[in-house]
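Letter by letter, the sequence shown follows residues 5 to 712 of my numbering.
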Amino acid sequence: MTDGKRFTITLVGNPNSGKSSVFNHLTGLHQKTGNFPGITVEKKEGTFRLPDGSEVLVIDLPGAYSLYPNAQDERMVVQTLTDIQNPDYPDTLVYVADVTRLEKHLLLFSQLCDLRIPLVLALNMYDVAEQEGLQVDAAGLARFFGVPVIAISGRTKQGMDELRHCLQALRDGQITAVPTELYKLTPQEQAAVQAVKNHFSEPSDYHALLVAHHHTWLPFLSASQRAAIAQALQELQFAGLKCQVDETLKRYNVFLPVVQRALRRGGDTGHSVTAMLDRILTHRVAGPLIFFLLMALVFQSIYAWAQYPMDWIDTGFGLLGEWLTEVLPSGWLRDLLVKGFLAGLGGIMVFVPQIVILFLLISLLEEVGYLARAAFIFDRLMRWFGLNGRSIVSLISGGACAIPAIMGARTISSWKERLITILVTPFISCSARIPVYTALIGFVVPPRTVWGFLNVQGLAFMGLYLLGITAALLSGWLLKQVLRTEERSFLMLELPQYRRPVIRNVVLTVWEKVRAFVVEAGKIILVISLVLWVLSSYGPPGKMRAAEAQARVVATHQQLDEAATEDLVAAERLEASWAGWLGKKMEPAIRPLGFDWKMGIALIMSFAAREVFVGTMATIYSIGSAQDDENSIRQRMARERNPVTGLPVYTMATALSLLIFYVFAMQCMSTLAIVRRETGSWKWPLLQFAGMTGLAYLASLVVYQILS
5 MTDGKRFTIT LVGNPNSGKS SVFNHLTGLH QKTGNFPGIT VEKKEGTFRL PDGSEVLVID
65 LPGAYSLYPN AQDERMVVQT LTDIQNPDYP DTLVYVADVT RLEKHLLLFS QLCDLRIPLV
125 LALNMYDVAE QEGLQVDAAG LARFFGVPVI AISGRTKQGM DELRHCLQAL RDGQITAVPT
185 ELYKLTPQEQ AAVQAVKNHF SEPSDYHALL VAHHHTWLPF LSASQRAAIA QALQELQFAG
245 LKCQVDETLK RYNVFLPVVQ RALRRGGDTG HSVTAMLDRI LTHRVAGPLI FFLLMALVFQ
305 SIYAWAQYPM DWIDTGFGLL GEWLTEVLPS GWLRDLLVKG FLAGLGGIMV FVPQIVILFL
365 LISLLEEVGY LARAAFIFDR LMRWFGLNGR SIVSLISGGA CAIPAIMGAR TISSWKERLI
425 TILVTPFISC SARIPVYTAL IGFVVPPRTV WGFLNVQGLA FMGLYLLGIT AALLSGWLLK
485 QVLRTEERSF LMLELPQYRR PVIRNVVLTV WEKVRAFVVE AGKIILVISL VLWVLSSYGP
545 PGKMRAAEAQ ARVVATHQQL DEAATEDLVA AERLEASWAG WLGKKMEPAI RPLGFDWKMG
605 IALIMSFAAR EVFVGTMATI YSIGSAQDDE NSIRQRMARE RNPVTGLPVY TMATALSLLI
665 FYVFAMQCMS TLAIVRRETG SWKWPLLQFA GMTGLAYLAS LVVYQILS
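Have a look at this one:
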């Protein structure tokens, strides 16, 4: 460890090893999510304190099966562990393995041993092993591998204090954890290692062997080093793939007998329960039916459980607006805070309960191990649409946010299936669409209950999601016909045992997602509220005053009372403002869809993020009305009238047209940016944007023209 560098601990393990639970126990709320430098692969890092009170850095790498990767996530693990110049290069590795599946989880561990990095083997799920009667000779494993072996449980915190003390002892040099070398290089591999070391310095022979295997894509190699290594390996006729297969088989031959001697199995109740449940939940007919039933219950819960907290938040923002109106002096600052920022933010915050419920239920399904089954169940169906079983994990994740869902497609090994997944995932209705759906469904579907327990609005809500899913699948099928490749596709997936969810993990996941939603939406709304307030409060010279004077003449002629007069003045000033000018300019293009100029402003603003539509409408209607006591965005929208016909603006035709537009439209600049980074080209995000926006316009046009 170099001076000035924090002691860095890196967690490594297979997918479904419980590594995230260990990370959450160590870091708690002291964690953050970001991207590794220069790449879009997501990493989690956090801090925790050792028993002596000192703070260390812990990084949670994505799950990987081997250092010979099949997906971008695994590539990033290889890159991190071979780039010794990386400032976050680990001082110690903690390998988290599911002790109930130890034979399957030690291939990667055996490879890490040969990297000669200090290493700790954490046998996770030990509480489950004890329940199943599984006994483990941890001391025997420690003697063979030459590293500390600690029994832990990410569920119950068993062994976590022992792990902390072990890590402190490693940092302070009180114990060593340099593993036993497990693999002996063949003569051809030794020659390849020497060829690499002639052009690039690596700390161990196995580091150099990995560089030989992966030199074509490791980013820390210069172009000249890459070319020199490639030429040297070609002269040696280095058969990389054959060497990888032979190495893997030899490693299993080394560690499997040791693991089998260290494990003594009693009853196997956990596996038998999992097998019994899988006979039903992964059945070809019953499995998909149960999946869709679970999804229906998720969407019913979003409506059934969220109404009271939504009303409380709505009321709270209303009271806060009234209080600010009373305590602040009349002027531009009060208008900006109350009618601008507060109205826009309140229009978003009221939908947080629904987003919490969505994340909560999806996290629970993931924790118990069900989402992995969903990938398995739908793999064959997904292939028909040009996708992969893993694609359904991205599609389900897209119900929260398209950005991590698109990044999750890195686990798909086939370039074609990964690209199709990236391009169709934004069709899945994300949490940012929830405010739009919730605000508009009330204009289309009455709040009734059928069969005693099914909320009709909840069914409509699910229908919008199904419409997005249908669009994603059909688009995938179309892209499958267009994109041609000889690349073969396969699904490699481990189905974990069913387990009780770790509530701590669920709570942290929900907190992280909701915090990101509120913070990101809040920042955008703050900026947009400022812009909107300026555009709506000021206009071309003289036009605002003329509009106000004309409104007062009309009010006098119609003998309107003071409140109605102020309403008319505010509405006319808004229409004469720069915002009104902008909306009027685009109104001819959106009028066939049933949208007026106010909706046009919101559509433009919501290209920053979809959820901004409702906040923008709340701001516009607040600025355009003198009545400050009405703070519910849904009630403001219901009160809006067409100035020519006097009819409600949000008729069934308009509301449904707007809903359909938002189901299909690509209205998220962040998603476009992440597609650009994942695909490495602007071609795909621009085609995606044009296709989705065109489909949204045509579908919305057809719906409005038929219904109106």
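Don't be surprised by glycine CBs; every beta carbon is placed ideally from N, CA and C.
Keep in mind that this is a model prediction, so the values were computed, not measured.
N- and C-terminal bounds of the beta strand (DSSP E) containing residue i
i: Glu-682; result: Segment 673 to 683 is the alpha helix (DSSP H) holding Glu-682; no beta strand (DSSP E) there.
i: Asp-209; result: No beta strand (DSSP E) contains Asp-209, which is instead part of the alpha helix (DSSP H) from 209 to 218.
i: Gly-244; result: Unbroken run through Gly-244 is the alpha helix (DSSP H), 244 to 266; no beta strand (DSSP E).
i: Phe-95; result: This sequence places Asp at residue 95; Phe is not what is there. First-last for Asp-95: undefined, no H or E at that position.
i: Ile-13; result: 12 to 17
i: Ala-126; result: 123 to 128
i: Val-200; result: Careful: Val-200 lies outside any beta strand (DSSP E), inside the alpha helix (DSSP H) at 191 to 201.
i: Ala-155; result: 153 to 155
Simplified DSSP assignment, three categories, for residue i
i: Ala-406; result: helix
i: Phe-52; result: strand
i: Ala-669; result: coil
i: Glu-421; result: helix
i: Glu-59; result: strand
i: Ile-88; result: coil
i: Val-331; result: helix
i: Ala-181; result: coil
i: Pro-66; result: coil
i: Arg-645; result: strand
i: Asn-20; result: coil
i: Leu-186; result: coil
i: Asp-176; result: coil
i: Leu-714; result: The question about residue 714 has no answer, for the chain in this structure spans 5 to 712.
i: Leu-293; result: helix
i: Gln-83; result: helix
i: Leu-458; result: strand
i: Thr-453; result: strand
Residue environment, residue i, which counts as buried when at least 16 other CB atoms sit within 10 Å
i: Ser-685; result: exposed
i: Met-670; result: buried
i: Tyr-312; result: exposed
i: Asn-646; result: exposed
i: Met-280; result: exposed
i: Pro-357; result: buried
i: Ala-580; result: buried
i: Met-656; result: exposed
i: Trp-336; result: exposed
i: Val-26; result: buried
i: Ile-438; result: buried
i: Ala-575; result: buried
i: Pro-66; result: buried
i: Pro-689; result: buried
i: Val-200; result: buried
The alpha helix (DSSP H) enclosing residue i, as first and last residue numbers
i: Ala-550; result: 547 to 562
i: Val-26; result: 23 to 31
i: Asp-118; result: Taken as a continuous stretch (DSSP letters only), Asp-118 belongs to no alpha helix (DSSP H), as it is neither H nor E.
i: Val-360; result: 356 to 371
i: Lys-161; result: Note, Lys-161: premise wrong, no alpha helix (DSSP H); not H, not E.
i: Asp-383; result: 383 to 388
Pairwise C-alpha distance: residue j and residue i
i: Thr-560; j: Val-573; result: 12 angstroms
i: Glu-634; j: Val-342; result: Confidence at Glu-634 is low in this model, with a pLDDT of 40, below 50, so the placement of that residue should be treated as unreliable; the coordinate-derived value is given next. Approximately 12 angstroms between the Cα atoms of the pair.
i: Leu-564; j: Thr-675; result: 48 angstroms
i: Tyr-701; j: Gln-461; result: 24 angstroms
i: Leu-138; j: Arg-269; result: 4 angstroms
i: Pro-430; j: Ala-143; result: 50 angstroms
i: Leu-15; j: Leu-423; result: 29 angstroms
i: Trp-601; j: Thr-12; result: 55 angstroms
i: Leu-534; j: Asn-202; result: 60 angstroms
i: Trp-309; j: Leu-301; result: 11 angstroms
i: Leu-660; j: Met-299; result: 23 angstroms
i: His-29; j: Pro-73; result: 28 angstroms
i: Gln-562; j: Thr-569; result: 10 angstroms
i: Glu-421; j: Thr-658; result: 37 angstroms
i: Arg-394; j: Asp-383; result: 7 angstroms
i: Ser-58; j: Ala-173; result: 12 angstroms
Cβ-Cβ separation, residue j to residue i (assumed contact under 8 angstroms), whole Å
i: Ala-196; j: Phe-242; result: 5 angstroms
i: Lys-23; j: Gly-32; result: Their Cβ separation, rounded to whole angstroms, is 16 angstroms, which puts Lys-23 and Gly-32 out of contact at 8 angstroms.
i: Glu-371; j: Val-506; result: 6 angstroms
i: Val-103; j: Tyr-130; result: 6 angstroms
Interface flag, residue i vs chain D, CB-CB below 7 angstroms
i: Arg-384; result: Structure shown: chain D not included; a single protein chain is present.
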